[in-house]
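Letter by letter, the sequence shown follows residues 172 to 317 in my numbering. Heads up, the beta-carbon is just placed ideally off N, CA and C, and yes, glycines get one too. This structure is a prediction, so every number in the text was calculated from the model and none was measured. For reference, the structure discussed in these notes is given below.
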Amino acid sequence: MLLHQSKTLTFFAPEEIGGLGALFFDTGISAGFPSPAEDFKEQRLSLDKELIKNKEATFFARVSGQSMIGAGLDDSDLLVIDRSLEPANNKIAVCFLDGEFTVKRLKVEKNEVWLQPENPNYPIIKITKENDFIIWGIVTNVIKKV
172 MLLHQSKTLT FFAPEEIGGL GALFFDTGIS AGFPSPAEDF KEQRLSLDKE LIKNKEATFF
232 ARVSGQSMIG AGLDDSDLLV IDRSLEPANN KIAVCFLDGE FTVKRLKVEK NEVWLQPENP
292 NYPIIKITKE NDFIIWGIVT NVIKKV
């Protein structure tokens with residue numbers, strides 16, 4: 172369900188999906204030599220159970236832009252955001268800054284906060300008392316298309 176769209180992020184709420192989940196083979200997939208097929212043990216896997224620890228506080232947002240490519244967050248990636256987690260130094264956070272949502276790495280020293288992009292083409296943002304600033308949630312996972 173679409174909740175909000177800004178220039179940099181599009182927010183979604185998780186939806187309950189019925190069923191048992193997708194098939195999951197719990198042996199690891201070899202990136203070298205193939206392993207014998209009879210070793211596969213079939214189970215059911217729910218991505219909701221793997222990616223969402225607190226359903227009421229979890230949201231998804233689609234990235235728009237290139238400011239976090241060094242952290243592996245590319246344009247159109249889907250972020251899993253947990254609003255119940257405490258912000259901390261070096262965590263990747265979704266923040267509301269002066270009327271816009273952004274995703275950046277938190278840098279906290281003493282009583283100062285910076286939002287650090289993971290792309291040298293973007294400036295580090297120092298948060299001041301003049302900013303309208305809220306740390307909205309902490310990114311816990313990223314879902315990519317290949």
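Based on Cα-Cα distance, which residue from 303, 310 and 317 lies nearest to residue 223? 310
Same chain, Cβ closer than 6 Å to residue 238, neighbours up to 5 away in sequence not counted: 288, 290 and 293
Leaving out five residues on either side along the sequence, give the residues of the same chain with a beta carbon under 6 Å from the beta carbon of residue 267. 305 and 307
Run through DSSP, which three-state label would residue 262 get? Residue 262: coil per DSSP, three-state reduction.
Beta-ladder partner(s) of residue 277, from DSSP: BP columns for residue 277 point to 286.
Between the Cα of residue 235 and the Cα atoms of 275, 286 and 296, which residue gives the shortest distance? Closest option to residue 235, Cα to Cα, is 275.
Between the stretch 242-262 and the stretch 218-233, can you find at least three pairs of beta-carbon atoms closer than 8 Å? yes
For residue 308: DSSP bridge partner residues: 265
Secondary structure of residue 218, DSSP reduced to three states: helix
Straight-line CA distance for residue 314 to residue 227? 20 Å
Compute the Euclidean distance between the alpha carbons of residue 218 and residue 299, then round it to the nearest angstrom. 39 Å
Identity of the residue in 270, 263 and 252 nearest residue 284 by Cα: The option with the nearest alpha carbon to residue 284 is 263.
What do you reckon, are the CB atoms on residue 277 and residue 261 nearer than 9 Å? Yes, the pair counts as a contact, with Cβ atoms nearer than the cut-off.
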